[in-house]
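According to the numbering used here, the residues represented by the sequence shown are 42 to 614, in order. For glycine and all other residues, C-beta sits at the position ideal for the given N, C-alpha and C. All of these numbers come straight from a predicted model, not from anything done at the bench.
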Amino acid sequence: MGEDRAEGPGGLARNAATYGDRDFALYLRRSFMLSMGWSREALGRPTVGICDTSSGLNNCHRHFPELVRAAERGILASGGLPLPFPTISVCEPSLSPCSMYYRNLAAIDTEEMLRAQPLDSVVLLGGCDKTVPAQLMAAVSANIPCVLVVAGPMLATRFEGERLSACTDCRRFWARFRAGEIDAGRIERIEGKLATTAGTCGVMGTASTMAAIAETLGFTLPGTAAIPAVHADRMRAAEASGALAVRLATERRAVRPRDLVTPESLENALRVLLALGGSTNAIIHLTAIAGRAGIRLDLARLNRLSDETPVLVDLKPTGEGYMEDFHTAGAMGAVLRALRPLLHLDVPTVTGETLRERLDREEGSFSDPAVIRPVSDPVSPVGGLVALFGSLAPRGAILKRSAADPSLFEKEARAVVFASLPDLAERIDRDDLDVTPEDMLVLQNAGPKGGYGMPEAGYLPIPRKLARAGVKDMVRISDARMSGTAFGTIVLHVTPEAAEGGALALVRTGDRIRLSVRERRIDLLVAEDELARRRAAWTPPPAALRGWDKLWQREVLQADEGVDFAFLRPRGE
Ligand code: FES
Ligand code: MG
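What follows is the structure, encoded as structure tokens:
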């Protein structure tokens, strides 16, 4: 239902019923809106939605009520009619089987509400991992003028002499707890210190990475991706975004989401992702966002970019700092200025400025080289992520080399296979598990169609008996994802996945696997006739019976297509 918005704001008349008596439909709509207490003058203004993803189950968004108020302020002061509305809130730790299982549901909810309601433009409020990808996917599909305000990161907390924030630290302490290095009392005290303010995880995890990518793509006001959630500037960003949304509502040729998502802007986003040492999940989300614009993100291209894009940002989980350090160090402006020679500069942003104009305007602004390094002195001369191909992953797999142990990069070893997540949970900590530190751990059936929605299970725990013996890292391979806050030599997103009958489904304990990061390869060293026998005996997972499970199983695409639904792609294929 393409709609020509070139005529300017439609206000409440936008999308009024196209059947029957249109005047009556509008009369009815206005009379019900009057019952909200608005004046007739206000109801004649351009309509600006505020898409609010707060919920009592979403700690990361607990400050959204004040951001909604700030956006409303900006909209009213600029002559718009602010109309906040809820969409589902996808909070990382609160959803079962995993939040990824509901990203596409959030994208559907958002897209349809953007399209169905009488909105001239929208302020999108998102933050926690899946919310920003869902909103950007929706925005590209609905293609109405949108400006994104992210939640902003939480602050770190001081605890017994060190700073703690979110799950890079929670994983670190939990691994030490598993290894018997810290006791139950201490792990409980730490539990209360990991997330102490509103906002998204305070490291360069998925939420922070996606916020940075959203700013790079031009969906946010410049300089706003990393403002801490509780900072007054965060509210001012929401107010200014409300004002911008009114401008977008009234401009005849306002910038739209599909103007922002182009091959050039996506390449910039990949560069930024690499330079941040950002989350592996961002590859999937960016692939899905690009897919909504009919653009295919090529993993081979990612490898070429990775070889020529340095890691500049020294933040956890790959480095030292927290997001608040990134913010005070110059944030995305500093990163984009450092990367400037590598970027496409003539891409638009939602403000109407091109990236070149923004960077020219910010020339000479502060940047702290301790957190955001210059290209001449990078954290690493090459990018944080690489794609691997080979007989085990013909359509690709991802390794976050910046968070991995280079001594494991060239290795041939025995596979120790777990057939499913329950199998992993059952056996990983058994003392009689046949495993040595030299083995590679393989997890099957944790991909998109594996029944759990591609959870962040790729960070397989080190088997307890090895952890107790001091083993900190092993090669781990799966079709699952990994939290952006995790680290280790972990091969993820193996495609096609096991539940789709990919080669990963055919691996057996005792097989040899060869990993070569240098050659960008991951191969299963088993003879073809043996693989053919195993393939013939393979059976797909049982069919889901109803509801969301059934829709998901029928429609979900593989990791190299962004784990989007086939019917949500531009031509519904
Ligand atoms: Fe929401 Fe980490 S739990 S961003
Ligand atoms: Mg996360």
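Heavy atom of the ligand FES less than 8 Å from the Cβ of Ala207, yes or no? yes
List the whole-angstrom C-beta distance separating Val391 from Val188, where the pair is believed to meet the contact cut-off of C-beta under 8 Å. 5 Å
In the DSSP assignment, what residue or residues form a beta bridge with Arg219? DSSP lists no partner for Arg219.
Is DSSP giving Arg399 helix, strand or coil here? helix
For the ligand FES, is there any heavy atom lying closer than 8 Å to the beta carbon of Cys101? yes
Mapping DSSP to helix, strand and coil, what is Met42? Unreliable placement is indicated for Met42, whose pLDDT of 41 sits below 50; the coordinate value is still reported in the next sentence. Here Met42 sits in coil by DSSP.
Output the distance between the C-alpha atoms of Gly529 and Val604, rounded to the nearest integer angstrom. 23 Å
Would you check if the distance between the CB atom of Gly121 and the CB atom of Val287 is smaller than 9 Å? yes
Mapping the DSSP letters down to three states, classify Ala58 as helix, strand or coil. coil
Counting pairs of Cβ atoms below 8 Å between the stretch 215-227 and the stretch 345-365, do you hit three or more? no
For Arg555: DSSP bridge partner residues: Glu453 and Asp564
In the DSSP assignment, what are the bridge partners of Pro389? Thr395
For Thr198, report the span of its beta strand (DSSP E) as first-last. Thr198 to Phe200
Are Arg55 and Val181 close, meaning C-beta to C-beta below 9 Å? no
Can you name, in chain order, every residue of its own chain whose Cβ lies under 6 Å from the Cβ of Met141, other than the five neighbours on each side? Gly494 and Met495
Contact under 9 Å by Cβ, Val483 with Ile413: no
Can you list, in chain order, the residues of its chain with a C-beta nearer than 6 Å to that of Arg156? Leave out the 5 residues immediately preceding and following it. Ala183
Does the ligand FES have a heavy atom nearer than 8 Å to the CB of Ile133? Position check: residue 133 holds Glu in this sequence, whereas Ile was assumed. Checking every heavy atom of the ligand FES against the Cβ of Glu133, one is found closer than 8 Å.
Is the beta carbon of Cys242 within less than 8 Å of some heavy atom of the ligand FES? yes
Residue span of the alpha helix (DSSP H) that contains Ala183, given as start and end: Thr172 to Ala183
Pairwise C-alpha distance: Pro611 and Met42: In this predicted model, Met42 has a pLDDT of only 41, less than 50, meaning its place in the structure is not dependable; the value taken from the coordinates is given anyway. The straight-line gap from Cα to Cα measures roughly 12 Å.
Whole angstroms are fine: how far does the CA of Gly319 sit from the CA of Met245? 6 Å
So, is Gly240 buried or exposed, given that buried needs 16 or more other C-beta atoms within 10 angstroms? buried
Exposed or buried, Arg442, counting other C-beta atoms within 10 Å across all chains shown (16 or more means buried)? buried
Which value, in whole angstroms, describes the spacing of the CA atoms of Gly167 and Phe606? 21 Å
On the CB-based measure, 16 or more other CB atoms within 10 Å of its CB, does Phe105 come out buried or exposed? buried
The alpha helix (DSSP H) spanning Gly283 covers which residue range? Ala273 to Thr291
When we look at the beta-carbon of Trp589 and count the other beta-carbons within 10 Å, is it buried (16 or more) or exposed? exposed
If you follow the beta strand (DSSP E) that Ala434 is part of, which residue opens it and which one closes it? Ala434 to Lys441
Using a threshold of 8 Å, is the CB atom of Cys187 nearer than that to any non-hydrogen atom of the ligand FES? no
Looking at C-alpha atoms only, which residue of Gly61, Arg63, Asp601 and Gly613 is the closest neighbour of Leu338? Asp601
Work out the CA separation of Ile336 and Cys169 for me, nearest whole Å. 25 Å
Which residues bound the beta strand (DSSP E) around Asp93? Thr88 to Asp93
Would you mind listing the alpha helix (DSSP H) stretches within the stretch 510-547 that are 4+ residues and don't spill past its ends, in chain order? none
In three-state DSSP terms, what is Phe260? coil
Since Ala331 and Val313 should fall inside the 8 Å C-beta cutoff, what is the C-beta to C-beta distance between them, to a whole number of angstroms? Ala331 to Val313, Cβ: 14 Å. No contact.
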